[in-house]
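In the working numbering, the protein residues as written are 468 to 643.
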């Protein structure tokens, strides 16, 4: 599963009633862990948000299904209220497009997505898209927390050129 596929997905309660759409993922950047799912509800001018812990998700296919009913969910609040109580970089949209470098390349690429498995410990890997591409587009590969020496606004990979080439070869066969 990846963030790009899950964002915009309809969220249904345990009665099959749509309660909103996935707006974003709440993440812990320093630990590469998913904290919760941000769900938007309401119309364009009255949009409200609430978060759902991963444990509250029953299953995901073309929709996300929750274990509880709409009435049992948190009270929806304006996004500004959630932002006040959230640390910087808390949402995936704030993490996406961070610059990734190595000791050999000062501008290797950008974080474009995260991949995760809800059954695991909620850890995710990042999808890094190289800045330079060829006729078939910009190549990308995945990296885990252990592959980084620094996780901040500017992220530093510990991988050398050969390790990156190997990851790029492996990722040609994967669809993110």
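C-beta atoms are modelled at their ideal positions from N, C-alpha and C, and glycine is treated no differently.
### Task
Can you have a look at residue 598 and say buried or exposed, based on whether 16 or more other CB atoms are within 10 angstroms of its CB?
Along the chain shown, one-based indexing puts residue 598 at 131. So residue 598 counts as exposed.
#### Entry: Coil, strand or helix - residue 586 by DSSP
Working through the chain shown from its first residue, we reach residue 586 at position 119. Coil.
### Task
May I ask which residues mark the beginning and end of the alpha helix (DSSP H) holding residue 629?
As a first step, residue 629 is located in the chain shown; it is residue number 162 there, counting from the start. Element bounds for residue 629: 628-638.
### Message
Let's test the definition: count the other Cβ atoms within 10 Å of the Cβ of residue 539 and tell me whether it reaches 16, buried, or not, exposed.
### Response
For this step, residue 539 is matched to residue 72 along the chain shown. It is exposed - the Cβ of residue 539 has fewer than 16 other Cβ atoms within 10 Å.
### Message
For residue 583, tell me which candidate among 571, 594, 573 and 576 has the shortest Cα-Cα distance.
### Response
By 1-based counting over the chain shown, the position of residue 583 is 116. It is 594.
### Query
How many Å lie between residue 469 and residue 514 at the Cα?
Taking the chain shown and counting its residues from 1, the one referred to as residue 469 is at position 2. Taking the chain shown and counting its residues from 1, the one referred to as residue 514 is at position 47. In a straight line, the C-alpha of residue 469 is about 24 Å away from that of residue 514.
#### Entry: Status (buried if at least 16 other CB within 10 Å, exposed otherwise) for residue 596
Taking the first residue of the chain shown as 1, we reach residue 596 at position 129. The residue in question, residue 596, is buried, as its Cβ has 16 or more Cβ neighbours within 10 Å.
### Task
Identify the continuous beta strand (DSSP E) that holds residue 504 and give its terminal residues.
Counting from one through the chain shown, the residue named residue 504 turns up at place 37. 500-508 is the extent of the beta strand (DSSP E) around residue 504.
### Message
Relative to the C-alpha of residue 498, which candidate in 577, 479 and 615 has its C-alpha closest?
### Response
Counted from its first residue, the chain shown places residue 498 at position 31. Residue nearest to residue 498 within the set 577, 479 and 615 is 615 (criterion: CA-CA distance).
#### Entry: residue 487 vs residue 508 beta-carbon contact at 8 Å
Here residue 487 refers to the residue found at position 20 of the chain shown. Here residue 508 refers to the residue found at position 41 of the chain shown. Yes. Within cutoff.
### Task
Would you list the residues sitting across from residue 575 in a DSSP beta bridge?
Stepping through the chain shown from its first residue, residue 575 is reached at position 108. Bridge partners of residue 575: none, in fact.
### Query
Roughly how many angstroms lie between the CA atoms of residue 551 and residue 561, to the nearest whole one?
Position 84 of the chain shown, counted from the start, is the residue given in the question as residue 551. Position 94 of the chain shown, counted from the start, is the residue given in the question as residue 561. A caution first: residue 551 carries a pLDDT of 48, below 50, which makes its placement in the model too unreliable to give a value.
### Query
Is residue 578 buried or exposed, if buried means 16 or more other CB atoms sit within 10 Å of its CB?
Taking the chain shown and counting its residues from 1, one reaches residue 578 at position 111. Answer is buried; the Cβ neighbour count reaches 16.
### Message
Between which two residues does the beta strand (DSSP E) holding residue 591 run?
### Response
Here residue 591 is taken as the residue at index 124 of the chain shown, counted from 1. 591-597 is the extent of the beta strand (DSSP E) around residue 591.
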